[in-house]
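Under UniProt numbering, the first residue of the sequence shown carries the number 1, and numbering increases by one thereafter. Every residue gets a Cβ at the ideal spot worked out from N, C-alpha and C, and that includes glycine. This report concerns only the one structure given below.
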Amino acid sequence: MIQSMTGFGKASIQLATKKITVELKSLNSKGLDLNVRMPSVYREMELGLRNQISQQLERGKIDFSLYIEVTGEETSTKVNAPIVRAYMAQMREILPEADATELMKMAVRMPDALKTERDDIDEEEWNQIQLVINEALVNIGQFRKDEGISLENEFKLRIENIRNLMNQTLALDPERIQNIKDRLSTAISELQTAVDTNRFEQELIYYLEKLDITEEKVRLTNHLDYFLETLNGNEANGRKLGFISQEIGREINTMGSKSNHAGMQKLVVQMKDELEKIKEQVLNVL
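This is the structure:
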C-alpha cells in the first residue's frame, strides 16, 4: 500500500510542572530533509532523535518541533545577586536621591543580572517525552496512510482513463488506415502515369508498417498493468511509480507521432492530460 509524504502528527502530555507537546509536519521531497526544533537542554538527544525519525518516515521535508510549557513553579533562571548589588551601588553613587526600588528595576536590566543554570536531562522526564514522540510518529504515519489511500484511488482512476482512451484510439485505427490508403491512391491517380500495382502494394505495406501502433499498444498496456501491480505492492515506492510514468509517456508520445489522424491525436492529448495528473501526484508518494 502506498503512503503519501504529506502528513501531520501531534501528541502531548502533562507532567508535574510542565506540558510537553510534539508536532511533526511532512511535505514531499526527493530525499529526507529533516528540521529539528527543540529546547537547548535536550540537544544532546538530537542525533538519536534524527535517526529515529528518519527510520520511520524515510523521505520528505519534515519539521519536528518539541515544545515545553512550564505550568508549575519551576524556573532555571535566577537573579545574580552579587552582580545586582554591585550595579545598585554604582548607580547609587550616580543617583544618590533614587530609592532602592528604582535602583533595583534598573539593575536587573543590566548585563549578567540574570543567570540561567543549565539543567541536566532527567532520564525519567525524557522517557515521558519519548512516549509523546512515538505517539506523534504513529499519528503522522496514520495520516500518511490515509492520504495514500486517496492517492491510490486517484491513480487507479487515471490509469483506467488512459486505458479507455487507448482502446478508443485503437478503435479508430481501421478508419485511419483506410484514409491513408485512399489518400495515396488518389495521389497516384492524379499523377496520370502507369504504376506497377505490385510495387505500389509493397510500398503501401511498408508505409503502413511504419505507422502501425500495435507495439505501442502492447507496451502501453504492459506499463499500465505494471503501474497497478506496483501500486498494490507491499512497499511504498514513489520513485518506481515515477519511472513507470515516464515509460507510459514515451508510448503515448509515439502513438501521437504515428497516428496521423485528427480523432486519434485528440485522444492522445487526453491521455497526456491524464498522465500529467498522475505525475503531479506521484511526487507526493513515499
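Buried or exposed: residue i, going by 16 or more other Cβ atoms within 10 Å of its Cβ?
| i | result |
| --- | --- |
| residue 245 | buried |
| residue 251 | buried |
| residue 243 | exposed |
| residue 287 | Examination of residue 287 is not possible in this model, given that the chain is present from 1 through 286 alone. |
| residue 140 | buried |
| residue 4 | buried |
| residue 281 | buried |
| residue 284 | buried |
| residue 149 | exposed |
| residue 216 | buried |
| residue 136 | buried |
| residue 147 | buried |
| residue 176 | buried |
Write down the C-beta distance between residue i and residue j rounded to the nearest angstrom, noting that I regard them as a contact closer than 8 Å.
| i | j | result |
| --- | --- | --- |
| residue 288 | residue 57 | Outside the displayed range of the chain (1 to 286) lies residue 288, so it cannot be described from this structure. |
| residue 162 | residue 274 | 5 Å |
| residue 169 | residue 267 | 5 Å |
| residue 63 | residue 28 | About 13 Å; that fails the 8 Å criterion. |
| residue 18 | residue 70 | 5 Å |
| residue 218 | residue 133 | Residue 218 to residue 133, Cβ: 51 Å. No contact. |
| residue 270 | residue 165 | 5 Å |
| residue 231 | residue 241 | 7 Å |
| residue 172 | residue 31 | Rounded, the Cβ-Cβ distance is 44 Å, inconsistent with contact. |
Can you list, in chain order, the residues of its chain with a C-beta nearer than 7 Å to that of residue i? Leave out the 5 residues immediately preceding and following it.
| i | result |
| --- | --- |
| residue 83 | 112 and 113 |
| residue 256 | 265 and 268 |
| residue 249 | 275 |
Using only CA atoms, which one of the options lies nearest to residue i?
| i | options | result |
| --- | --- | --- |
| residue 126 | 102, 49 and 174 | 49 |
| residue 40 | 66, 23, 15 and 30 | 66 |
| residue 59 | 85, 100 and 7 | 7 |
| residue 259 | 214, 138, 277 and 154 | 214 |
| residue 291 | 262, 78 and 227 | An answer regarding residue 291 cannot be provided, because it is not within the stretch 1 to 286 covered by the chain. |
| residue 33 | 53, 22 and 14 | 53 |
| residue 272 | 263, 122, 261 and 253 | 253 |
| residue 100 | 89, 223 and 42 | 89 |
| residue 277 | 153, 136, 85 and 176 | 153 |
| residue 279 | 223, 155 and 174 | 155 |
| residue 221 | 233, 37, 160 and 85 | 160 |
| residue 261 | 241, 174 and 164 | 174 |
| residue 234 | 145, 171 and 176 | 145 |
| residue 1 | 263, 129 and 238 | 238 |
| residue 42 | 30, 249, 129 and 176 | 129 |
| residue 123 | 78, 44 and 79 | 44 |
| residue 24 | 81, 176, 85 and 143 | 143 |
| residue 20 | 81, 131 and 61 | 131 |
| residue 55 | 138, 229 and 85 | 138 |
For residue i, collect the residues of the same chain with a Cβ closer than 8 Å to its Cβ; drop the 5 residues on either side in sequence, then sort them by chain order.
| i | result |
| --- | --- |
| residue 91 | 98, 103, 106 and 107 |
| residue 94 | none |
| residue 46 | 36 and 38 |
| residue 212 | 258 |
Please list the terminal residues of the continuous beta strand (DSSP E) segment that includes residue i.
| i | result |
| --- | --- |
| residue 21 | 18–27 |
| residue 69 | 60–70 |
| residue 7 | 7–14 |
| residue 122 | Per DSSP, residue 122 belongs to no beta strand (DSSP E) and is neither H nor E. |
| residue 99 | Note, residue 99: premise wrong, no beta strand (DSSP E); not H, not E. |
| residue 33 | 32–37 |
I'd like the list of long-range same chain contacts for residue i, defined as Cβ closer than 6 Å, with 5 residues on each side in sequence excluded.
| i | result |
| --- | --- |
| residue 68 | 18 and 39 |
| residue 87 | 107 and 110 |
| residue 61 | 27, 29 and 33 |
Between which two residues does the alpha helix (DSSP H) containing residue i stretch?
| i | result |
| --- | --- |
| residue 113 | Neither: residue 113 is in no alpha helix (DSSP H) and is coded neither H nor E. |
| residue 231 | 214–231 |
| residue 51 | 46–57 |
| residue 253 | 238–259 |
| residue 94 | 81–94 |
| residue 271 | 262–282 |
With 8 Å as the threshold, decide whether the Cβ of residue i is near any Cβ in chain D.
| i | result |
| --- | --- |
| residue 239 | The displayed structure is made up of one protein chain only, and chain D is not part of it. |
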